[in-house]
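I have placed the structure first, in the form of structure tokens, so that the comments after it can refer back to it.
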Amino acid sequence: MEIKEIQYGNYGKCVSLSNGVLQAIVTIDFGPRIISFSRCDTPNPTNIFFEDTERKYTAKGKSFDQLYGEDSCYYAYGGHRLWLSPEDYCRTYFPDNRPVVYSISEEGVTFTAPQETRAVQVSFTLSMGDNNHDMMVIHTGTNVSKDMQTISLWPVTMLRPGGFALAPQNPKKDGNLLLPNRQLSLWPYTDLHDPRLKIGNRFLSVLQKHDSTLTSQLKVGTDCHSGWCLYQSGNLVFQKRYLHNVNAAYPDGGVSFECFTNGDYLELETLSPLYRIAPGDSVRHVENFSLLCLPDDAIKPDLDDMDSVQEWVDSLPE
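Printed below as a string of structure tokens:
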């Protein structure tokens, strides 16, 4: 794996990691964010992640000034980040705008946000095998406070516009037929009649409609027992795999997968179980990223037809 510091766009100093097939670029002047994820073995590599180069998505105001000091501001920046759930201003929207520490070990490259005043310090470690299209992302939360902390690790990946997301529904065999085996969480702004959202018996899909003037947002969550989700855009298919523990408690109504979209981007989000972390202890949540490159003439599935979607999923390279 080749590792080097570079300057990237208006994101300043970053670290580039490449195995000859994949390239990941991670910010170190702030964050950290995996700001770019691409196939470097193609003639014209493109970033599957969304980049908020205009710094359009922020959180600030009086509540932030009270929590973090005058004129504090949280920037989404784009790319992949590690948040903490359940969501609130104090726990989740920490303004991570200071330089990041990174270190190289046999496990991979670890990027750690400054401790500052947060109760749980976050970091992630990236690891790539030689010449394959997979990358392991090990997310870690460490309780650096003097009190017990109850949190879920919540990796959020912002993806470029113009594609669709897909996640499997739990099959009938997962559970007792006398009891429910699927959880569905809906946020207050989600319209079940929104044409971007399709809830089928085998798959749930969300379409990203690229329209910067579109003000309506959509978010949905499920307890995805299979532990995978994907996003297709152009000829690229980005996939996350993770472990769902059917015996664990999860936040947001018991879900481990969430999907959000607006007019500019779509987010694939996974969650760890809820943990009670003693001072000094750490928890981990692992995601495996893959990035497939499809032929230019590849046929897209009909999201209204579950057989078409199943056939498309089955045709994807391992």
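Residue numbers (my numbering): 58 to 375.
Ideal Cβ positions, reconstructed from N, Cα and C, are used throughout, including at glycine.
DSSP places residue 61 within a strand segment (E or B) once states are collapsed to three. Annotation for residue 365: the continuous alpha helix (DSSP H) segment containing it runs 363-372. In terms of Cβ geometry, residue 84 and residue 131 do not form a close pair [threshold 8 Å]. As a beta-bridge residue in DSSP terms, residue 327 pairs with 314.
The region 245-261 makes no contact with the region 332-344; the number of CB pairs closer than 8 Å stays below 3. Taking C-beta atoms as the reference points, residue 220 and residue 269 fail to come closer than 8 Å. Non-local beta-carbon contacts of residue 202 in its own chain, meaning distances under 8 Å to residues more than five positions away in sequence, involve 176, 177 and 336 in chain order. Boundaries of the beta strand (DSSP E) around residue 279: 275-279.
Put simply, the backbone Cα of residue 285 is about 14 Å away from that of residue 192.
Distance from the CA atom of residue 304 to the CA atom of residue 235, rounded to whole angstroms, is 18 Å. Under the three-state reduction of DSSP, residue 225 is assigned to strand. Counting the other CB atoms within 10 Å of its CB gives residue 355 a total below 16, which places it among the exposed residues.
For residue 197, the enclosing beta strand (DSSP E) has its first and last residue at 191-200. Segment contact: the region 204-215 against the region 69-89, fewer than three CB-CB distances shorter than 8 Å; contact not assigned. Contact check for residue 96 and residue 348: beta-carbon distance about 6 Å, within the 8 Å limit, so the pair qualifies. When Cβ pairs closer than 8 Å are counted between the two stretches, the region 105-124 is seen not to touch the region 352-372, the count staying below three.
Selection 59, 92 and 58 evaluated against residue 67 yields 92 as nearest (Cα-Cα). According to the DSSP assignment, residue 107 belongs to no alpha helix (DSSP H), since it is labelled neither H nor E.
Excluding five sequence positions before and after residue 338, the CB atoms of its chain that fall closer than 6 Å to its own CB belong to 200, given in chain order.
With contacts defined by Cβ atoms closer than 8 Å, residue 74 and residue 216 do not form a contacting pair. Looking from the CA of residue 318, the closest CA among 228, 247, 65 and 100 belongs to 247. If you draw a straight line from the Cα of residue 274 to the Cα of residue 226, it comes to about 22 Å. For residue 308, the closest alpha carbon among the candidates 249, 323, 243 and 266 is that of 243.
If the five residues before and after residue 110 are omitted, its C-beta is found closer than 7 Å to the C-beta atoms of 66 and 67, all from its own chain and listed in chain order.
Comparing alpha carbon positions, the residue from 187, 194, 142 and 374 closest to residue 306 is 142.
Only buried fits residue 76, as 16 or more other CB atoms lie within 10 angstroms of its CB.
Taking C-beta separations shorter than 7 Å and ignoring five residues to either side along the sequence, the partners of residue 294 in its chain run 287, 349, 351 and 373, following chain order. Taking C-alpha positions only, residue 99 is separated from residue 315 by approximately 30 Å. DSSP places residue 121 in the helix class (H, G or I) of the three-state scheme.
A residue is called buried once 16 or more other Cβ atoms fall within 10 Å of its Cβ, and residue 259, having fewer, is exposed.
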